[in-house]
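Take a look at the structure below.
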């Protein structure tokens, strides 16, 4: 057996992985003809073009969506807790009398008399 078969092939230092790791920096391409650049029309100013980022969903709408989702999850948790764990009817959790009863139970246990 020769040692040549067990040696790893040498990778070029300009490989993509080496550039990603910061070992080799890719040089910018040199322009072939600097005079061949497109000139703006005479009426327009040569202002640099700026990339304007527009949000797909505005921040105020994101906040409203988060608040609605939190309220929906609170309602769903109350329904599951009252009906599955507490053996009550699912829609009874939204009745004010149910909450008055729950508050009375909680306040009865906190008497400091």
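Numbering (this note's numbering), first residue to last: -7 to 105. Heads up, the beta-carbon is just placed ideally off N, CA and C, and yes, glycines get one too. Source: prediction; values computed, not measured.
Residue 82 versus residue 65: straight-line alpha-carbon distance, rounded: 15 Å
Straight-line gap, residue 44 to residue 58 (C-alpha atoms, nearest Å): Taking the straight line joining both Cα atoms gives about 26 Å.
Pairwise C-alpha distance: residue 100 and residue 52: 42 Å
Counted within 10 angstroms of its Cβ, other Cβ atoms place residue 85 as buried (16 or more) or exposed: buried
Straight-line gap, residue 91 to residue 75 (C-alpha atoms, nearest Å): 14 Å
DSSP state of residue 54 mapped onto helix, strand, coil: helix
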